[in-house]
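Working notes for the structure below.
Number of protein chains: 2
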Amino acid sequence: MRIGELSRKTGVPVPTIKYYVREGLLPPGELTSPNQASYGEAHERRLHLIRALLDVGGMKVAEIADVLNAMDDPTRTLHKVLGAAASRLGPAHTEHDDTESAAAHAVVADLVSRRGWRTHETTPAAADLAKALAAMARLGHGAFVEVLDAYADAAEQVARADLAYVDRRVAVEDMVESVVIGTVLGEAVFNALRRLAHVDASAKLYGTDEMPPERKTG
Amino acid sequence: MRIGELSRKTGVPVPTIKYYVREGLLPPGELTSPNQASYGEAHERRLHLIRALLDVGGMKVAEIADVLNAMDDPTRTLHKVLGAAASRLGPAHTEHDDTESAAAHAVVADLVSRRGWRTHETTPAAADLAKALAAMARLGHGAFVEVLDAYADAAEQVARADLAYVDRRVAVEDMVESVVIGTVLGEAVFNALRRLAHVDASAKLYGTDEMPPERKTG
């Protein structure tokens, strides 16, 4: 198909498609004349993926390029692709070497060992977890670690559901793309559900969806 | 304290602190002479919050400014603050008016009614959920809705833990700030735990933390 039809089918404007090609997110179309290129279903699918990572995943164009490059790399491993997908959390450019950080790393190591998780406390996700807990501790919410096991129970439940879905539904050749979609879009799905459940839990606890102190003083 | 001490205590460079003041993220210090300002504990705490939202929450400076303005607004409501905190998912600037979008909205309305959640299918979180599900459907993962109830169970569990924590730990005057911290950093905590649990679940299912197809062909 021509670029105009690709644009119509995906809702992505033609100049934006050209920009994605220039930035290496989308492979160029096949030249049918010096000024005209032809695009196929793979382009359509890739455009849907780019928009999903951008609009739903909140990723930046450069981060998406990293993920797609890792996906397209024939020597890719699951770790590499997931690492690229996770890198949008960014490097720990304010990784403090303080008490809170050391304590958070100890909490994560203890959690991983206590739950018998077959993973290491040095994986990027573990580092991200420690970083988030340390940031909470610096804000006076060190006691948040008390709810960590409730979170971990829920995370195990979600991970089991994800794996069962992948195992049942996904063809082996689509595995890498599915893992990227599941990691990034699955996060967005869970985060939205968590916020919906907050409103419900708050309504049940306080009988209102407004903040309790405001209802009391209002 | 002077700006140099504030910088030392928080690990944020002096020019960055000045930039946050210019952008309205941090209130200016109290002028003690025409060229010198004095900063207090509130500044230190606010700086920790800004860095947490930036580094852990992955928010942009303009988005953080919106959240902090909503927090500082005396007429604030929980909804307004949470709405600002959630806005980093961005407006649905490619909200398609297509079959997938209509189907996703119906799935969300059904979920909310079936679970008896005291919320509306028009809240921003519900719109984000529909957007994520529609994006998955466009990528051929419409069957992902099969795991939605497992996700919703886990989300309810996390929301109950969050509310119990807030109810037990948080003074009424810190409520708004705690909700922002819990929403943004709690998401980062859960997402990291989910990725850790994926590695574990995958190791248990496939006996390896690499992708199954690569082990088979490798």
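One line per chain: the protein sequences are E and P, in this order.
Those letters in the first sequence? Residues 198 to 415, per my numbering, in order.
Those letters in the second sequence? Residues 198 to 415, per my numbering, in order.
We treat Cβ as the ideally placed atom computed from N, Cα and C, and that holds for glycine.
Note that this is a predicted model, so its numbers are computed, not measured.
How many Å lie between residue i and residue j at the Cα?
i               : j               : result
G237 of chain P : P210 of chain P : 17 Å
E297 of chain P : T213 of chain P : 44 Å
V377 of chain P : I261 of chain P : 11 Å
H245 of chain P : A239 of chain P : 10 Å
R205 of chain P : G379 of chain P : 26 Å
V396 of chain P : T316 of chain E : 6 Å
A400 of chain E : A332 of chain E : 28 Å
D371 of chain P : D269 of chain P : 12 Å
A306 of chain P : V304 of chain E : 39 Å
N232 of chain P : M198 of chain P : 14 Å
M256 of chain P : R243 of chain P : 15 Å
T319 of chain P : R365 of chain P : 30 Å
Y217 of chain E : S230 of chain E : 21 Å
V373 of chain P : W314 of chain P : 23 Å
L250 of chain E : D263 of chain E : 12 Å
A289 of chain E : D295 of chain E : With a pLDDT of 44 at A289 of chain E, under the threshold of 50, the predicted position of this residue should be treated as unreliable, though the coordinate-derived value follows. Straight-line Cα distance between these residues: approximately 14 Å.
R311 of chain E : S235 of chain E : 55 Å
A398 of chain E : V309 of chain E : 29 Å
L228 of chain P : P321 of chain E : 43 Å
K215 of chain P : K215 of chain E : 39 Å
P224 of chain E : P224 of chain P : 47 Å
Quick test of your reading: residue i and residue j, contact by CB under 8 Å. State the CB separation rounded to the nearest angstrom.
i               : j               : result
R391 of chain E : A352 of chain P : 5 Å
G383 of chain P : D359 of chain P : 6 Å
A323 of chain E : L336 of chain P : Contact flag wrong, Cβ pair sits at about 29 Å.
S375 of chain E : V381 of chain E : No, S375 of chain E and V381 of chain E are not in contact; Cβ-Cβ is about 11 Å, not under 8 Å.
I200 of chain E : G226 of chain E : 7 Å
Report the neighbours of residue i on chain P: residues whose CB is nearer than 9 Å to its CB, in chain order.
i               : result
H338 of chain E : Y362, R366, V367, S375, I378, G379 and L382
A267 of chain E : Correct list: empty, because the minimum Cβ distance to chain P is about 12 Å.
Can you pull the chain E residues whose beta carbon is under 7 Å from the beta carbon of residue i, in chain order?
i               : result
L390 of chain P : L326, Y348, A349 and A352
A301 of chain P : The premise fails here: A301 of chain P is roughly 10 Å from chain E at the closest Cβ pair, so nothing lies under 7 Å.
R357 of chain P : A398
A322 of chain P : A389, R392 and L393
Taking C-beta to C-beta, are residue i and residue j nearer than 8 Å?
i               : j               : result
L441 of chain E : L265 of chain E : Outside the displayed span of chain E (198 to 415) sits residue 441 of chain E, for which this structure offers no information.
A334 of chain P : V253 of chain P : no
V344 of chain E : Y348 of chain P : no
A267 of chain E : H302 of chain E : no
Q354 of chain P : D346 of chain E : no
V258 of chain P : E220 of chain P : yes
D325 of chain P : A300 of chain E : no
F387 of chain E : F341 of chain P : no
E241 of chain P : T207 of chain P : yes
Can you pull the chain P neighbours of residue i, defined as C-beta to C-beta under 8 Å?
i               : result
T316 of chain E : L393, V396, D397, A400 and D406
L330 of chain E : V386
Any idea which residues DSSP pairs residue i with across the strands?
i               : result
E417 of chain P : Coverage of chain P is limited to positions 198 through 415, which leaves residue 417 of chain P absent and any answer about it impossible.
Chain P partners of residue i, CB-CB under 7 Å?
i               : result
M333 of chain E : I378 and L382
A306 of chain E : Those within 7 Å of A306 of chain E in chain P number zero; the least Cβ separation is about 12 Å.
V253 of chain E : K328, A329 and A332
A249 of chain E : A332 and L336
Could you list which residues in chain E have their beta carbon closer than 8 Å to that of residue i, in chain order?
i               : result
V344 of chain P : A358, D359, A361 and Y362
L246 of chain P : L336
Give a single yes or no on whether residue i has its beta carbon closer than 7 Å to a heavy atom of the ligand GTP.
i               : result
D270 of chain E : With respect to the ligand GTP, the structure shown offers nothing to examine, as it has no ligands at all.
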